[in-house]
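Asks: Shown below is the structure under consideration.
2 protein chains.
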Amino acid sequence: MNGVRVAGVGLTHFGSHPERTGRDLFAEAALNARDDAGVPLDDVEQLNVGNFAGSLLEGQGHTAPLLAEAAGLDCPATRYEEACASAGVAVREAVRAVRSGEADVVLAGGMERMTNNDTPETTEALAIAADELFEIRAGVTFPGAYALMATAYAEAFDVDEETLKTDLANVASKNHDNALPNEYAQYQREISVEQALDAPPVAEPLGLFDCCPVTDGASAVVLVSEEYAADHDLSADVAVVGTGQGTDRMALQDREYLARTPAADDAAAMAYDDAGIDAADVDVAEVHDCFTIAEVLAIESLGFYEPGEGLGAARRGETRADGELPVNLSGGLKAKGHPVGATGGSQIAEMTRLLRGDHPNSDEVPDAEVGVTHNAGGTVASAVVHVLEVAE
Amino acid sequence: MNGVRVAGVGLTHFGSHPERTGRDLFAEAALNARDDAGVPLDDVEQLNVGNFAGSLLEGQGHTAPLLAEAAGLDCPATRYEEACASAGVAVREAVRAVRSGEADVVLAGGMERMTNNDTPETTEALAIAADELFEIRAGVTFPGAYALMATAYAEAFDVDEETLKTDLANVASKNHDNALPNEYAQYQREISVEQALDAPPVAEPLGLFDCCPVTDGASAVVLVSEEYAADHDLSADVAVVGTGQGTDRMALQDREYLARTPAADDAAAMAYDDAGIDAADVDVAEVHDCFTIAEVLAIESLGFYEPGEGLGAARRGETRADGELPVNLSGGLKAKGHPVGATGGSQIAEMTRLLRGDHPNSDEVPDAEVGVTHNAGGTVASAVVHVLEVAE
Chain A
1 MNGVRVAGVG LTHFGSHPER TGRDLFAEAA LNARDDAGVP LDDVEQLNVG NFAGSLLEGQ
61 GHTAPLLAEA AGLDCPATRY EEACASAGVA VREAVRAVRS GEADVVLAGG MERMTNNDTP
121 ETTEALAIAA DELFEIRAGV TFPGAYALMA TAYAEAFDVD EETLKTDLAN VASKNHDNAL
181 PNEYAQYQRE ISVEQALDAP PVAEPLGLFD CCPVTDGASA VVLVSEEYAA DHDLSADVAV
241 VGTGQGTDRM ALQDREYLAR TPAADDAAAM AYDDAGIDAA DVDVAEVHDC FTIAEVLAIE
301 SLGFYEPGEG LGAARRGETR ADGELPVNLS GGLKAKGHPV GATGGSQIAE MTRLLRGDHP
361 NSDEVPDAEV GVTHNAGGTV ASAVVHVLEV AE
Chain B
393 MNGVRVAGVG LTHFGSHPER TGRDLFAEAA LNARDDAGVP LDDVEQLNVG NFAGSLLEGQ
453 GHTAPLLAEA AGLDCPATRY EEACASAGVA VREAVRAVRS GEADVVLAGG MERMTNNDTP
513 ETTEALAIAA DELFEIRAGV TFPGAYALMA TAYAEAFDVD EETLKTDLAN VASKNHDNAL
573 PNEYAQYQRE ISVEQALDAP PVAEPLGLFD CCPVTDGASA VVLVSEEYAA DHDLSADVAV
633 VGTGQGTDRM ALQDREYLAR TPAADDAAAM AYDDAGIDAA DVDVAEVHDC FTIAEVLAIE
693 SLGFYEPGEG LGAARRGETR ADGELPVNLS GGLKAKGHPV GATGGSQIAE MTRLLRGDHP
753 NSDEVPDAEV GVTHNAGGTV ASAVVHVLEV AE
């Protein structure tokens, strides 16, 4: 099995880009990754791209050849769609292609173009990550679905409403703090716990600041074999050492229990086993906080906290930048933004920057050697976990 | 590298199933494949599914976990979208997963639910396989795009209109003949060359019988490692020995030349090299005849004919059931039907049946040892080729 290195990463600014197309955004991220890697496009043997709702939001499917062309690539190109975990699976399959020797250089990432549609259109487009027959027709949209999960969590662990809301507000406030210095972030501004608590309700118990925004953006990473990195004298000092994927029942009603995310449990177990680590070895994490409750569920699935213990982590300061295990130093989906099909690639890009020391928040984790990314689809019917390490 | 065997295949009837959902169709195909393989669902380690337009036609994305659940699978599940080659890439990545040892048992296939939408909806949904900015906005739909390719072919090789139309009508008539005994085919009925020539025009020079139908259906194949097949005493006598993928510019206007399909040239070259064969070794082929001209372009890209020589193959009888190299003994997309996201898996299923001797048309190719499948996306901006062999 070949070792896999991150040779370079590229991002666009996450935010609102009304004048730009999805292909244009992806080209920027891909060329940034190329420049960062110092790998010529001609060496790229495969393109794996994540995109979720382009069919509905841009009227565009068959995305992979289009993005290959936009990025100046001439190689087989494949689109992965796994709702908000689309780029996660694109990266995972890229890792496996390099490991197996199928390719020495794979470009993986994703793109979503979301802000040019009106809110009902965007809400309907995002809803297709849920079960059309048993959820969408009943009127469920994602804020409502995660509100149900938050309520179930509070019931399962006997948490009162004030504690629940305050602890979740601390997650939001933390991630906004983290986004402050991140030049790619949609919201480089602080929000206080009080502001989060005072925000208008979206779906009880979730308020406006419990929800990630709608975002345009793209991400790309260049993954190479260790041998290629050595032969080409690349400074590719971050390795992908573990990958895992899990799948759960699609509809909330079909699950036994809503206060846990078993797909992420499975993905984490698989990735840790693959990497030969356990949760205690992790120094820093980027997790899928599409809603504040999702971060809580993520850090429990990743094994950082026992079930019911993750809720207070941000309030207690443990997952803050100066805490024991900083979570979402990028700002997370909450403050950095969530261009759905790009997010899984963005997490790899941000973690790579954190580990190699050139992220604006790298100073918060100067000794970090092991980072984990957690990317989820829908109400975590899909999950992808990766383990990155500073290479010896 | 582990050898890859087809342990079992499953299909639904291709046609119109107004009372059934996509998940229901896929479950049928998957359970048929399980029964055919004699492999318990618990042994399946990964599900790869192709689906193209579910977001638009069923209001459903995030298809993979839903189809895993419908089929009774509990394993990581990933959706591939590559327009009409969606299941082709799903199978290709399954082959690579088994080869690399990532999994011993992968279920791969696809599904499309198309006939419940009205014709304008379906036409718009299919159009997203073309370039939204430079083709769809200009009014191009797929019959028109392939008509341009047919016209370009005729011009490039100096073919008069009557010859062009007659030769294409022979392709349609041949594939309908082949579908006659195929219990899965949408159209188990003959059409004569004269009927095809007399059919109403759709986009000159293509008439109604030059175009494949709109179809509901699903496909599934169980791919296993040689070792798993031996350990479990499976009768898995067909091996997947080659896989290749190619990508071209998306929009026709961006291509230098419309009378060839270079993505398929690349995919075929890669698959042949992978299998250690060349075109002369191929005994039987299933190709992507979404339009009759597409079959002509396919058999040229696969190297069975020099450019310009493929057009007359069906008329000359060479690609007919009793010809030297029978093409589309299943009936092809033209007569068997084309549930877009399922087609690439259906081709593998049909080729497996042909090679192991239990296809109703197996008698036409009693000595066939090497079969090739060719699955294309859009106007062949994507192509996937597989080589199957009767195992020693």
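Residue numbers (the numbering used here), protein chains in the order written: chain A, 1 to 392; chain B, 393 to 784.
By construction, the Cβ of each residue, glycine as well, lies at the ideal position given by its N, Cα and C atoms.
1. For residue 374(A), return the contacting residues in chain B, with the cut-off set at a CB-CB distance below 8 Å.
2. Just checking: is the beta-carbon of residue 247(A) within a distance shorter than 7 Å of some beta-carbon in chain B?
3. Answer yes or no: does any C-beta atom of chain B fall closer than 7 Å to that of residue 195(A)?
4. Since residue 751(B) and residue 742(B) are thought to touch, with beta carbons under 8 Å apart, how far apart are those beta carbons, to the nearest angstrom?
5. Have a look at residue 99(A) and residue 545(B) and give me their C-alpha separation to the nearest angstrom.
6. Does the region 381-390 of chain A come close enough to the region 254-274 of chain A that 3 or more CB-CB pairs lie under 8 Å?
7. Which residue wins for smallest C-alpha separation from residue 524(B), given the options 14(A), 90(A) and 60(A)?
8. Taking only beta-carbon atoms, is residue 121(A) less than 7 Å away from chain B?
9. Alpha carbon to alpha carbon, what distance is there between residue 294(A) and residue 171(A)?
10. Nearest-angstrom Cα distance between residue 532(B) and residue 641(B)?
11. Going by the DSSP bridge assignment, what does residue 471(B) pair with across the sheet?
12. Check whether the Cβ atoms of residue 116(A) and residue 18(A) lie closer than 7 Å to each other.
13. With 9 Å as the limit, tell me which residues of the region 44-64 of chain A have their beta carbon closer than that to any beta carbon of chain B; keep them in chain order.
14. Which residues in chain B sit within 8 Å of residue 97(A), going by Cβ to Cβ distance?
15. Specify, as a first and last residue, the run of the beta strand (DSSP E) that residue 120(A) falls within.
16. Return the residues of the region 456-474 of chain B that lie within a Cβ-Cβ distance of less than 9 Å from chain A, sorted by chain order.
17. Got a sec: is the Cβ-Cβ distance from residue 301(A) to anything in chain B below 7 Å?
18. Using a beta-carbon distance below 7 Å, is residue 740(B) in contact with chain A?
19. Tell me whether residue 679(B) sits in a helix, a strand or coil according to DSSP, three-state version.
20. Residue 335(A) and residue 25(A): beta carbons closer than 7 Å?
21. In chain A, what lies closer than 8 Å to residue 481(B) by C-beta?
22. Write down the C-beta distance between residue 184(A) and residue 11(A) rounded to the nearest angstrom, noting that I regard them as a contact closer than 8 Å.
23. How many Å lie between residue 607(B) and residue 648(B) at the Cα?
24. Could you tell me which of 439(B), 487(B), 665(B) and 729(B) sits nearest to residue 505(B), measuring between CA atoms?
25. By the 10 Å Cβ neighbour count, where 16 or more other Cβ atoms means buried, how is residue 225(A) classified, buried or exposed?
26. Mind checking if residue 293(A) is an interface residue toward chain B, Cβ cutoff 7 Å exclusive?
27. Applying a beta-carbon distance threshold of less than 9 Å, which residues of chain A neighbour residue 400(B)?
28. Can you tell me whether residue 612(B) is helix, strand or coil according to DSSP?
29. I'd like to know if the region 706-718 of chain B and the region 591-598 of chain B are in contact, where contact means that at least 3 CB-CB pairs between them fall below 8 Å.
30. In the DSSP output, what is residue 11(A) paired with across the bridge?
31. Assign residue 381(A) to one of two classes, buried (16 or more other C-beta atoms within 10 Å of its C-beta) or exposed (fewer than that).
32. Take every Cβ of the region 463-478 of chain B, pair it with every Cβ of the region 80-89 of chain A, and state whether three or more of those distances are shorter than 8 Å.
33. Could you tell me the distance, in whole angstroms, from the CA atom of residue 29(A) to the CA atom of residue 345(A)?
34. Looking at the unbroken beta strand (DSSP E) that takes in residue 687(B), where does it start and where does it end?
35. Can you tell me where the alpha helix (DSSP H) with residue 507(B) in it begins and where it stops?
36. Counting only C-beta atoms, is residue 642(B) closer than 7 Å to chain A at any point?
Replies: Walking through what the data contain:
1. Residues of chain B passing the Cβ test: none, with the nearest at roughly 15 Å.
2. At a cut-off of 7 Å between beta carbons, residue 247(A) contacts chain B.
3. For residue 195(A), the nearest beta carbon of chain B is not closer than 7 Å to its own beta carbon.
4. Distance from residue 751(B) to residue 742(B) at the Cβ level is roughly 7 Å; contact confirmed, criterion being Cβ atoms closer than 8 Å.
5. 42 Å
6. Proximity of the region 254-274 of chain A to the region 381-390 of chain A meets the contact definition, three or more beta-carbon pairs being nearer than 8 Å.
7. 60(A)
8. no
9. 10 Å
10. 16 Å
11. 81(A) and 441(B)
12. Yes, Cβ-Cβ distance for residue 116(A) and residue 18(A) is below 7 Å.
13. For the region 44-64 of chain A, which is checked against every Cβ of chain B, the residues closer than 9 Å are 46, 47, 51, 52, 53, 54, 55, 56, 58, 59, 60, 61, 62, 63 and 64.
14. 488
15. No beta strand (DSSP E) contains residue 120(A), which is instead part of the alpha helix (DSSP H) from 119-127.
16. 456, 457, 458, 460, 461, 465, 466, 467, 468, 469, 470, 471, 472, 473 and 474
17. no
18. no
19. coil
20. no
21. Correct list: 78.
22. 5 Å
23. In this structure, the alpha-carbon of residue 607(B) lies about 33 Å from that of residue 648(B).
24. 729(B)
25. The C-beta of residue 225(A) has 16 or more other C-beta atoms within 10 Å across all chains shown, which makes the residue buried.
26. no
27. Residues of chain A passing the Cβ test: none, with the nearest at roughly 22 Å.
28. strand
29. Result no; under three Cβ-Cβ pairs closer than 8 Å.
30. 219(A)
31. Buried is the call here.
32. yes
33. 10 Å
34. Not the beta strand (DSSP E): residue 687(B) falls in the alpha helix (DSSP H), residues 684-693.
35. Segment: none, residue 507(B) is in no alpha helix (DSSP H) and carries neither H nor E.
36. yes
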